[in-house]
Structure formats: structure tokens, C-alpha cells
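>
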Amino acid sequence: MARYTKEDILRRVQDEDIQFIRMQFTDIFGQLKNVAITASQIQRAVNNEIMMDGSSIEGFVRIEESDQYLWPDLDTFAVLPWRPQYGKVARLICDVHNPDGSPFAGDPRNVLKQALEAVNALGYTFNAGPELEFFLFQTDESGRPTTQTGDEAGYFDLGPLDHGESTRREICLALEEMGYEIEASHHEVAAGQHEIDFKYTDALHAADNIMTFKLAVKTLAQKNGLHATFMPKPVCGTAGSGMHINMSLFQDGRNVFYDKTAPRQLSPLAYHFIAGLLAHVQGFCALSNPLVNSYKRLVPGYEAPCYLAWSSSNRSALVRIPDPRGQGTRVELRSPDPSCNPYLVFAACLAAGLDGIKQKRVPPPETTENIYAMDAKQRAERGIQNLPGSLGEAIHALLADPTITGVLGEHLTRQYTAGKLREWEEYRTQVSQWELDRYLVTY
Ligand code: GLU
Ligand code: MG
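Its first residue numbered 3, the sequence shown is counted upward by one per residue in my numbering.
#1: Give me every residue whose Cβ sits closer than 5 Å to any heavy atom of ligand 1, in chain order.
#2: What residues in its chain sit with their C-beta under 8 Å from that of Gln451, if we drop five residues either side in the sequence?
#3: Could you tell me the alpha carbon to alpha carbon distance between Ile212 and Pro344, rounded to whole angstroms?
#4: In chain order, what residues of the same chain lie with their CB nearer than 7 Å to the CB of Thr169, ignoring the 5 residues before and after it?
#5: For Glu18, is the beta carbon positioned less than 8 Å from some heavy atom of ligand 2?
#6: Give the single residue among Met54, Tyr297 and Glu60 whose Cα lies nearest to the Cα of Lys235.
#7: With DSSP as the reference, please indicate the residues paired to Gln2 in a beta bridge.
#8: Under the criterion of a Cβ to heavy atom distance below 8 Å, does Glu197 qualify as lining ligand 2?
#9: Could you tell me the distance, in whole angstroms, from the CA atom of Pro366 to the CA atom of Ala277?
#10: Specify, as a first and last residue, the run of the alpha helix (DSSP H) that Trp436 falls within.
#11: Would Gln21 pass as a contact of Thr40 if the rule is Cβ separation under 9 Å?
#12: Quick check: does the Cβ of His246 come within less than 8 Å of any heavy atom belonging to ligand 2?
#13: For Pro86, does the count of other Cβ atoms within 10 angstroms reach 16, so buried, or fall short, so exposed?
#14: Any heavy atom of ligand 4 within a distance shorter than 8 Å of the CB on Glu334?
#15: What are the partner residues of Leu228, as DSSP defines its beta bridges?
#16: Applying the criterion that 16 or more other CB atoms from any shown protein chain within 10 Å of the CB defines a buried residue, is Ala117 buried or exposed?
#17: Is Leu114 closer than 9 Å to Phe348 when the C-beta atoms are compared?
#18: With a threshold of 8 Å (Cβ to nearest heavy atom), would Glu135 be considered close to ligand 2?
Right, here's the structure in full:
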């Protein structure tokens, strides 16, 4: 439902002394991009007339067809509270369109919109609530990021141990000013690690919220002399950062994962959805865990999943059902990490869940024991499979899963896997510091 009309935007720009508007979109690898326009151009912006050169954006288009247009989603209009309050800056999140007006197939936001149209056609709304973890690191004398934290705190600790506390507070306040409802904010397990959770919403705006969230965290950390990173495993031997996604389907305002009379009060639809996620989680791992570094997080012992199992409580499982029921009933997927492109990951999760519903897939029995404590034989007896062990494996799993390549479309699948394969090849042929330390003298 549209909240803002073109006239509302024009009026706000004028009345609130907004001088710049950042027209933002996300590239296929999850990087936020923007073109800043001055207030004098706002009329052109709301009429979808702002152009950009797509050939300069990684994975977008070839040189010979490079002109693309930014179509702003007017509902995403928000003032950036960390910019000067005199001559303010606002953002508009945009869809990328071809010169003939058709949506550009390589725009991740369009991919998610199309996936949502498929679910809306069945009468459902897909909601997502992400939980992003991140690290705040100190910078050195020249302002470059380090991996030092100067913070010895742990899970749920608070001040004076927790040096990131005031930064976290500023982030929460800025986001609330932008209309976010912050549900929780706390120190995480590792030194220098934090988490801020905001309220779920429809998946499209949840993905938009994630992109703005990351920008806010990075900007406000920098203002406090810190460096924020969403890299999944910046420090070895301690917890990595996840982006757990809580998902639910609503129909006519009612949560259809909830069924008061069913086992665990979960509807058959919820079970099909879980089974769909488990059937395709290997296929979309290259999206949900897109970096070489992502696979350093997916190892036993750090509350990050590595095996395909679900549980109504157990945190070692890949899919967990958090306690709340009724309207709060949801499925939590624990594999994604915050370096992912949220538009593509939500589209993939939805396609996976819908496939489960369409095929009436049934999940394996719930795993109630700690899977980390099982050996390979015990896992094999229970038929528990692994997530891909590397980016290379994940790319192959993606290409072998037509449900996932189908939702991405041909253009985006090709561009994405080509970019990721280059990244993987580059890594495989690199000699790392670890290898040098380990072998240079001993051999
Ligand atoms: N940091 C853990 C991960 O990598 C999750 C910790 C938690 O359960 O919040 O997924
Ligand atoms: Mg957490």
C-alpha cells in the first residue's frame, strides 16, 4: 500500500529543507550504490527520469546497452539523521529499469519483487525479520581498520566493559528516527561483537531496511572512531557473525504457520515450508553465504549451523522454531550471514519454501540432540547432510538447483556465479599468511 504520493515527496523536500536526495540501489553482490541529486532535480526523480550508466556497476549490463533508469519506491523516502541537519539529505530506494520501461533482469530488488508477486498471487504475504550481528573494531593511527576490539565483554554484558555500547545506542536512536522499531540491541558472544534486531516487515521492505541498517552502522561507527564490519568471520577461534532470518506467511492478516490444534502448534504449511528450506538450502548457500570467508563461520562449536536439521529449540540446528506462537509464529533460518545480498536471499528462501508447499514436502524428524556432539556415523544414521564446505562447493550446488536458478533468472545467475567463481579461483591459488607461518620454516 503506497504511503507517499509524488506530491507528498515534493512537499517534504521543500518543507523540511532537504538539499540532497540519494537515489539508492543494490548491486548483485549486495553493495549499496547511490547517485546523489540536488533538490532541484526531485521532480525528475519522482517521474523516473534519473539515469545511470549500468555498465559501470559490477554484474549489471554490457557497454552497448548501458543506459538504465532509477525508479524510486516513494514509500522508502526517509531523511538520513546522521547527515547535517541544515541542508538535509534523504534517501529513496530505487528499482532499476531498462530504457523501454521494463524491469531490469539483473536488479536484485526486481528479482525479489517478482518472487513476491508469485506468493501474493497465492494470497500470502511473506514477512521477514533479520537479526544482524557485526563487529566494532578499533582503527590505527592512520584510520585504517584493525581487528583489535579493546572490549573484553561477552554475551549480554553491559558498560563499562562494553566499549561499543554508546555507538550501539547512537545507531538505535538514528534508526528509530528513520522509523525502525528496534526490538533488541545487545553485546554478542565475541569481544567487539554486537547485535541489533528490528521488527519484521514484508520481505521487500525488510531487505531495504537491511541495506540502510548496514549504512547506518558503518557510518555511526566511523563517527565514533570505530570500524564496523559485517564480514562473517573476522577473527578465528571466536564466534562469527550471522544474519538469522525469521520468516512467516500471512493470509488476510493472519499468521498461517500457526495452528493451535496441531503438533507443536505449527500448521502443515509451516512444515512444508521448513522442508522446502531444507531441500534448497545447499542450493542457495552461495547467496546466503557468499564469501570465501563465509565458510570459516560455518564450522562446529560457534552457534553457527553446518548440518541440515531442524529443531523447535536446539541452536545447533539450521532451522529453529523460536518459542512464540500465534501471530509471532515463525521459522528461523540460521545459516545466512550479513555479507549476503538480502534481496536475493529472501527471494531464494521464498522460492524454497513455496516449492516445499507446492510439492507438499515433509521435513525429516526433528533433531533434539546437540548435532555438534555427534560424529559422522551418528549423523549418517540419522540422514543428516552438510551445508557446502566452501564457496566453490556452494556455486556448484547453486547451479544444480533449478528452483534457485529459476528465481534468479538466467542473466543474474550467469553474472553472479561468474563473479563468485572468479573470487573462489583467486582464493584457491593464493598463498596465505597462515600457510607461510606454518610451512615456510618447518619444510
Ligand atoms: N553468532 C552466531 C552465528 O554465527 C549466532 C549466535 C546467536 O545465536 O545469536 O550464527
Ligand atoms: Mg545473535
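No residue lacks a Cβ here, since even glycine has one placed at the ideal position from N, Cα and C.
Let me spell this out:
#1: Ala241, Gly242, Gly244, Glu305 and Ala306
#2: The requested residue 451 does not occur in the structure, where the chain is confined to residues 3 to 445.
#3: Numbered from 1 along the sequence shown, position 210 holds the residue referred to as residue 212. Numbered from 1 along the sequence shown, position 342 holds the residue referred to as residue 344. Distance between the alpha carbons of Ile212 and Pro344 is about 7 Å.
#4: On the sequence shown, position 167 is the one that residue 169 refers to. If we look at Thr169 and ignore the five residues flanking it on each side, its Cβ neighbours are Leu138, Leu222, Ala223, Asn226 and Leu228.
#5: The count along the sequence shown starts at 1 and reaches residue 18 at position 16. No, ligand 2 has no heavy atom inside 8 Å of this Cβ.
#6: Looking up residue 235 in the sequence shown gives position 233. Answer by Cα proximity: Tyr297.
#7: Here the chain has residues from 3 to 445 only, and residue 2 is not among them.
#8: As a working note, residue 197 is residue 195 in the sequence shown. Indeed, a heavy atom of ligand 2 lies less than 8 Å from the Cβ.
#9: Counted from its first residue, the sequence shown places residue 366 at position 364. Counted from its first residue, the sequence shown places residue 277 at position 275. The straight-line gap from Cα to Cα measures roughly 8 Å.
#10: Here residue 436 refers to the residue found at position 434 when the sequence shown is read from its first residue. Note, Trp436: alpha helix (DSSP H), Gln435 to Tyr441.
#11: Taking the sequence shown and counting its residues from 1, one reaches residue 21 at position 19. Taking the sequence shown and counting its residues from 1, one reaches residue 40 at position 38. For Gln21 and Thr40, yes; Cβs fall inside 9 Å.
#12: As a working note, residue 246 is residue 244 in the sequence shown. Checking the Cβ of His246 against ligand 2 gives yes.
#13: As a position in the sequence shown, residue 86 is number 84, starting the count at 1. Exposed is the call here.
#14: Only ligand 1 and ligand 2 can be found as ligands here, which leaves ligand 4 out of the picture.
#15: Position 226 of the sequence shown, counted from the start, is the residue given in the question as residue 228. Leu228 is bridged to Gln140.
#16: Your numbering for residue 117 matches position 115 in the sequence shown. The residue is buried, with at least 16 neighbouring Cβ atoms inside 10 Å.
#17: Along the sequence shown, one-based indexing puts residue 348 at 346. Along the sequence shown, one-based indexing puts residue 114 at 112. Yes; because the gap between Cβ atoms is below 9 Å, this pair is in contact.
#18: Numbered from 1 along the sequence shown, position 133 holds the residue referred to as residue 135. At least one heavy atom of ligand 2 is nearer than 8 Å to the Cβ of Glu135, so yes.
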